[in-house]
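Remarks on the structure that follows.
There are 2 protein chains.
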Amino acid sequence: MSHSTDALNRFYGVIPAGGIGSRLWPLSRADAPKFLHDLTGSGQTLLRDTWDRLVPLAGDQRIMVVTGRAHRAAVEAQLPELADHNVVLESEPRESSAAIGLAAAILQKREPGVIIGAFAADHVIKNAVVFRQSVREAIAAADAGYIVTLGIQPTEPSIGFGYIKSADPLDIAGAPTARSVASFVEKPDLATAEKYVASGDYLWNAGMFIARADRILEEIGTNEPELLAGLLELAEVWDTPERGAVVDRIWPKLKKIAIDYSVAEPAAAAGRLAVIPGQFDWDDVGDFASIAKIHSGGRKRDLAILGEGARVLSDSSSGIVVSHTKRVIALIGVEDIVVVDTPDALLVTTSANAQKVKAVVDALKLSGSSDVL
Amino acid sequence: MSHSTDALNRFYGVIPAGGIGSRLWPLSRADAPKFLHDLTGSGQTLLRDTWDRLVPLAGDQRIMVVTGRAHRAAVEAQLPELADHNVVLESEPRESSAAIGLAAAILQKREPGVIIGAFAADHVIKNAVVFRQSVREAIAAADAGYIVTLGIQPTEPSIGFGYIKSADPLDIAGAPTARSVASFVEKPDLATAEKYVASGDYLWNAGMFIARADRILEEIGTNEPELLAGLLELAEVWDTPERGAVVDRIWPKLKKIAIDYSVAEPAAAAGRLAVIPGQFDWDDVGDFASIAKIHSGGRKRDLAILGEGARVLSDSSSGIVVSHTKRVIALIGVEDIVVVDTPDALLVTTSANAQKVKAVVDALKLSGSSDVL
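As given, the protein sequences belong to chains H and P, one line each in that order. Going by UniProt numbering, the first sequence opens with residue 1, and the numbers climb by one from there. Going by UniProt numbering, the second sequence opens with residue 1, and the numbers climb by one from there.
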């Protein structure tokens with residue numbers, strides 16, 4: 001068995017299925033989060049797409065899903081193959097360090113030396129074969145001790161994503177394209193984004209992390225020792241009858257912090273982070289503008305229509321219509337429009353304003369309209 | 001009794017309540033035509049507004065309503081005072097010459113010398129007192145033998161209305177502002193409309209006609225003798241048991257022609273038409289742009305919201321929202337927008353495209369979506 005085959009055999013997929021996707025309201029909401037929708041027209045949910053992408057790497061018995069208690073039934077309906085011991089239920093959301101860290105701690109206890117790869121349940125990736133090739137490289141680099149992230153080769157100067165500045169190539173067997181990471185940078189303005197793309201050194205930060213579970217826990221312990229202590233205490237009893245009581249006591253007190261801050265950025269600063277430049281199409285479908293873009297193939301004048309049995313009539317209109325009712329929807333002379341039609345709520349905006357949807361959700365919360373959130 | 005009091009005593013209001021108002025789809029539709037909606041925020045339907053405007057002139061026992069059979073119950077629910085003999089039901093729509101001509105023929109047979117005033121059921125008039133003063137002048141001019149129309153003093157160079165070119169003042173007792181009419185002109189382009197308004201000679205054609213019933217019938221007879229023959233035959237049996245059979249035989253064959261062509265324009269050409277320049281606010285609320293204008297008081301940046309219990313959340317948006325569901329409607333950064341939300345159909349367009357709504361209705365008809373029309 002070659003070294004790299006051995007590492008692949010120790011690979012475990014982890015799918016954090018948590019965020020609601022408030023920028024996709026009223027489609028995404030508390031009881032129908034983004035990962036339970038078909039946003040690509042693939043005919044299945046983003047969660048199922050994510051699962052199907054990982055099965056050829058991990059097999060369907062080595063993928064763990066971390067999700068909210070409220071979504072258990074929906075997740076299991078989407079993933080009938082998902083084994084009970086691969087379901088980790090959060091009693092309340094505690095951010096990505098707790099979710100991925102708990103998965104790492106549980107798996108490391110069950111299977112020391114396991115390599116985990118965490119992939120959000122609600123992103124879109126077009127070329128799965130290329131994606132898996134990048135993950136294989138990442139697994140090799142993880143086996144060598146690195147915390148590894150997949151960066152995405154930018155196709156345009158997006159201001160909607162954070163960037164990873166890559167540095168020197170690393171010499172890792174089985175990971176020929178791996179580079180070290182100089183730094184992470186937050187979402188830039190357009191001029192900066194253009195410079196980044198022109199330089200060739202910058203990649204989109206897609207939030208995908210691959211590492212040995214013990215290495216992830218070690219990084220968390222260095223930066224957030226109390227969080228690590230809680231995670232280890234949880235893992236200790238996870239596969240025992242005490243799980244419930246310990247979860248109730250510990251989980252609600254865990255620090256809410258994104259894994260970028262507890263693991264990735266400190267590891268990068270210490271030279272322990274590697275990046276694999278991914279050559280596949282990726283999008284976090286963060287708002288309706290990006291869904292419209294995915295569906296129009298970049299053509300400005302198109303009207304994308306999502307929704308089974310949609311009855312849409314368009315005269316000189318472009319943008320996106322999401323129809324989750326059987327109502328007739330007529331659009332006349334509206335350009336770059338976003339119309340999202342659900343049984344209890346309707347959104348009308350433009351691609352340019354798509355990022356502001358979250359603010360509307362916040363305003364609805366304050367105004368006592370939580371019934372539609 | 002003065003001459004003018006005598007004429008006013010012979011006055012009979014006629015309200016043709018016919019058109020669906022296709023440009024106001026999906027609000028207005030076959031089973032809920034424009035005149036059955038509250039488009040002004042008055043708290044009552046346009047039909048009821050029209051009735052209330054006429055009662056001080058005619059009394060509630062001297063107003064006749066001409067409407068479709070399908071709307072009888074709705075009309076009677078709106079107008080509990082409406083006497084049975086004042087309801088004229090059309091088995092199918094035959095345009096305004098047939099509707100107003102039949103009312104004239106029935107009333108003339110019942111009460112020779114009657115003066116009728118026909119006022120659409122679905123227009124908006126703001127200053128009813130000034131309106132009634134103009135109608136009183138019109139009644140005096142009608143008593144003198146003229147076909148009389150109320151023209152509206154333009155407040156802007158509208159390209160949505162036809163115009164009336166007024167000529168010399170007429171010397172008619174009780175009608176000091178009456179002028180003769182030089183011609184009717186169709187909806188102009190903007191440059192022409194601006195010239196019209198600057199000249200001071202042009203008035204908006206509001207389609208309101210006041211005349212002795214015998215004079216109207218005489219004009220119809222001159223221009224459309226077959227139509228007149230049919231109307232007289234109908235009137236002859238209207239108040240007898242034969243009405244049903246004769247209606248079934250004659251009504252479907254009557255020529256469909258607007259009263260502008262069978263009466264007003266020929267009378268104008270012959271010098272038998274008078275116009276009273278009306279100083280009251282009038283609008284035919286022909287499309288959603290005009291409803292938005294009525295509600296915003298002309299302020300461009302406002303968002304008008306129609307609909308009881310509407311739950312509308314707006315961020316930097318202007319235009320009009322009509323909410324006939326209890327759904328939450330969120331608008332973000334859409335300007336001059338028109339959103340009409342009904343249980344089975346949704347319209348999204350802009351004020352500038354409001355006139356095109358009729359074309360969409362036609363397209364829906366062709367595409368087999370008559371269920372929402």
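Here a beta-carbon is modelled for each residue, glycine too, at the ideal position from N, C-alpha and C. Source: prediction; values computed, not measured.
Original post:
Under 9 Å Cβ-Cβ, which residues of chain P neighbour H/D284?
Top reply: The residue you call residue 284 of chain H lines up with position 284 of the first sequence. Near H/D284 there are no residues of chain P at all, since even the closest Cβ is about 20 Å away, more than 9 Å.
Original post:
From P/P169 to P/V181, what distance separates their C-alpha atoms?
Top reply: Residue 169 of chain P sits at position 169 when you count from the first residue of the second sequence. Residue 181 of chain P sits at position 181 when you count from the first residue of the second sequence. Whole-angstrom Cα-Cα distance: 9 Å.
**OP:** Give the secondary structure of P/M1 by DSSP, where H, G and I count as helix, E and B as strand, and everything else as coil.
**Re:** Locating residue 1 of chain P in the second sequence gives position 1, counting from the first residue. Because the pLDDT of P/M1 is 41, which lies under 50, any placement of that residue in the model is unreliable, and the number read from its coordinates should be weighed accordingly. Looking at P/M1 - three-state DSSP - the assignment turns out to be coil, as it is neither helix nor strand.
Original post:
Are the region 72 to 90 of chain P and the region 346 to 354 of chain H in contact at 8 Å, needing three or more beta carbon pairs?
Top reply: no
Original post:
Taking Cβ positions, are H/S134 and H/G18 nearer each other than 8 Å?
Top reply: By 1-based counting over the first sequence, the position of residue 134 of chain H is 134. By 1-based counting over the first sequence, the position of residue 18 of chain H is 18. Result no, Cβ atoms of H/S134 and H/G18 do not sit closer than 8 Å.
**OP:** For P/M1, collect the residues of the same chain with a Cβ closer than 7 Å to its Cβ; drop the 5 residues on either side in sequence, then sort them by chain order.
**Re:** Against the second sequence, residue 1 of chain P aligns to sequence position 1. In this predicted model, P/M1 has a pLDDT of only 41, less than 50, meaning its place in the structure is not dependable enough to derive any value.
Original post:
Could you give the residue range of the alpha helix (DSSP H) that holds P/R110?
Top reply: Taking the first residue of the second sequence as position 1, residue 110 of chain P is located at position 110. Taken as a continuous stretch (DSSP letters only), the alpha helix (DSSP H) holding P/R110 covers 95 to 110.
Subject >> Sub-8 Å separation of H/A104 and H/I210 beta-carbons >> reply: Here residue 104 of chain H refers to the residue found at position 104 when the first sequence is read from its first residue. Here residue 210 of chain H refers to the residue found at position 210 when the first sequence is read from its first residue. Cβ distance not < 8 Å, so H/A104 and H/I210 don't count as in contact.
Original post:
From this set, P/K187, P/P252, P/L150, which residue's C-alpha is nearest P/R132's C-alpha?
Top reply: Here residue 132 of chain P is taken as the residue at index 132 of the second sequence, counted from 1. Answer by Cα proximity: P/L150.
Original post:
Quick one, are the C-beta atoms of H/S96 and H/P16 less than 8 Å apart?
Top reply: Residue numbering aside, residue 96 of chain H sits at position 96 when the first sequence is read from its first letter. Residue numbering aside, residue 16 of chain H sits at position 16 when the first sequence is read from its first letter. Yes, they are a contact pair.
**OP:** Might you give, ordered along the chain, the residues of its own chain that have their beta carbon closer than 7 Å to the beta carbon of H/N353, omitting 5 neighbours on each side?
**Re:** In the first sequence, the residue the question calls residue 353 of chain H occupies position 353. Excluding positions up to five away in sequence, the list is empty.
Subject >> Positions along the region 3 to 36 of chain H whose CB lies within less than 9 Å of some CB in chain P >> reply: W25, P26
Original post:
Exposed or buried, which one is H/S370 when buried takes at least 16 other CB atoms within 10 Å?
Top reply: Against the first sequence, residue 370 of chain H aligns to sequence position 370. The residue is exposed, with fewer than 16 neighbouring Cβ atoms inside 10 Å.
Subject >> At least 3 beta-carbon pairs within less than 8 Å: the region 323 to 332 of chain P vs the region 356 to 363 of chain H >> reply: yes
Original post:
If H/A141 sits next to H/V130, beta carbons under 8 Å apart, how far is it from one beta carbon to the other, in whole angstroms?
Top reply: Locating residue 141 of chain H in the first sequence gives position 141, where the first residue counts as 1. Locating residue 130 of chain H in the first sequence gives position 130, where the first residue counts as 1. Going by Cβ atoms, the distance from H/A141 to H/V130 rounds to 17 Å, so no, they are not a contact pair.
Subject >> Through-space distance from P/V339 to P/Q355, alpha-carbon basis >> reply: Locating residue 355 of chain P in the second sequence gives position 355, counting from the first residue. Locating residue 339 of chain P in the second sequence gives position 339, counting from the first residue. Near 14 Å, if we compare the C-alpha coordinates of P/V339 and P/Q355.
Subject >> Residues that P/R311 contacts on chain H, provided the C-beta gap is smaller than 8 Å >> reply: Taking the second sequence and counting its residues from 1, one reaches residue 311 of chain P at position 311. Neighbours of P/R311 on chain H, chain order: S369.
**OP:** Would you kindly report the start and end of the unbroken beta strand (DSSP E) that includes P/R72?
**Re:** By one-based count along the second sequence, residue 72 of chain P stands at place 72. Looking at the DSSP string, P/R72 is not in any beta strand (DSSP E); the run it does join, the alpha helix (DSSP H), is 72 to 78.
Original post:
Distance, Cα to Cα, H/A267 vs H/G221?
Top reply: Against the first sequence, residue 267 of chain H aligns to sequence position 267. Against the first sequence, residue 221 of chain H aligns to sequence position 221. For H/A267 and H/G221, the distance between alpha carbons rounds to 12 Å.
Subject >> Own chain residues within Cβ distance below 6 Å of H/E81, not counting five before or after >> reply: Counting from one through the first sequence, the residue named residue 81 of chain H turns up at place 81. The answer, listed in chain order, is D60.
Subject >> Through-space distance from H/A310 to H/T325, alpha-carbon basis >> reply: Counting from 1 along the first sequence, the entry for residue 325 of chain H is found at position 325. Counting from 1 along the first sequence, the entry for residue 310 of chain H is found at position 310. Near 8 Å, if we compare the C-alpha coordinates of H/A310 and H/T325.
**OP:** Kindly confirm or deny that the region 215 to 232 of chain H and the region 181 to 193 of chain H touch, where touching means at least three C-beta pairs closer than 8 Å.
**Re:** no
Original post:
According to DSSP, is H/V321 helix, strand or coil?
Top reply: Locating residue 321 of chain H in the first sequence gives position 321, where the first residue counts as 1. Strand.
**OP:** Kindly list the residues whose CB is nearer than 7 Å to the CB of P/V246, restricted to its own chain and excluding five residues on each side of it in sequence; keep chain order.
**Re:** Taking the second sequence and counting its residues from 1, the one referred to as residue 246 of chain P is at position 246. Result list for P/V246: E233, L234, V237, in chain order.
Subject >> Test item: CB-CB of P/D302 and P/S296 under 8 Å >> reply: Position 302 of the second sequence, counted from the first residue, corresponds to residue 302 of chain P. Position 296 of the second sequence, counted from the first residue, corresponds to residue 296 of chain P. In contact: P/D302 and P/S296 (Cβ atoms closer than 8 Å).
Subject >> Within 9 Å of chain H by C-beta, residues of the region 341 to 368 of chain P in sequence order >> reply: D341, T342, P343, D344, A345, L346, L347, V348, T349, T350, A352, N353, A354, K356, V357, A359, V360, V361, A363, L364, S367
Original post:
Between the C-alpha atoms of H/D284 and H/K34, what's the straight-line distance to the nearest angstrom?
Top reply: Translated into positions along the first sequence, residue 284 of chain H becomes position 284. Translated into positions along the first sequence, residue 34 of chain H becomes position 34. If you take the alpha carbons of H/D284 and H/K34, they lie about 11 Å apart.
Original post:
Excluding the five sequence neighbours on either side, which residues of its own chain have a C-beta within less than 7 Å of the C-beta of H/E265, listed in chain order?
Top reply: Your numbering for residue 265 of chain H matches position 265 in the first sequence. Around H/E265: F184.
Subject >> Own chain residues within Cβ distance below 7 Å of H/P56, not counting five before or after >> reply: Taking the first sequence and counting its residues from 1, the one referred to as residue 56 of chain H is at position 56. Answer for H/P56: R132, listed in chain order.
**OP:** Give, in chain order, every unbroken run of the beta strand (DSSP E) that is at least 3 residues long and sits entirely within the region 202 to 238 of chain H.
**Re:** 202 to 212
**OP:** Determine which residues share a DSSP beta bridge with H/I152 and list them.
**Re:** Walking along the first sequence from the start, residue 152 of chain H turns up at place 152. In the DSSP output, where bridge partners are listed per residue, H/I152 has H/W204, H/G278.
Original post:
Is the Cβ of P/D287 closer than 8 Å to any Cβ of chain H?
Top reply: Counting from one through the second sequence, the residue named residue 287 of chain P turns up at place 287. No, no contact with chain H.
Original post:
Does the beta carbon of H/R327 sit closer than 8 Å to a beta carbon anywhere in chain P?
Top reply: Here the question's residue 327 of chain H lines up with position 327 in the first sequence. Closer than 8 Å to some Cβ of chain P, the Cβ of H/R327 qualifies, so yes.
Subject >> Anticipated Cβ contact below 8 Å, H/Y12 with H/I115, distance rounded >> reply: Numbered from 1 along the first sequence, position 12 holds the residue referred to as residue 12 of chain H. Numbered from 1 along the first sequence, position 115 holds the residue referred to as residue 115 of chain H. So it is a contact: roughly 7 Å between Cβ atoms.
Original post:
Hey, how far is the Cα of P/L54 from the Cα of P/I63?
Top reply: Taking the first residue of the second sequence as 1, we reach residue 54 of chain P at position 54. Taking the first residue of the second sequence as 1, we reach residue 63 of chain P at position 63. Taking the straight line joining both Cα atoms gives about 8 Å.
**OP:** Would you mind reading off the limits of the beta strand (DSSP E) that contains P/Y163?
**Re:** In the second sequence, residue 163 of chain P corresponds to position 163, counting from 1. Segment 163 to 169, the beta strand (DSSP E) holding P/Y163.
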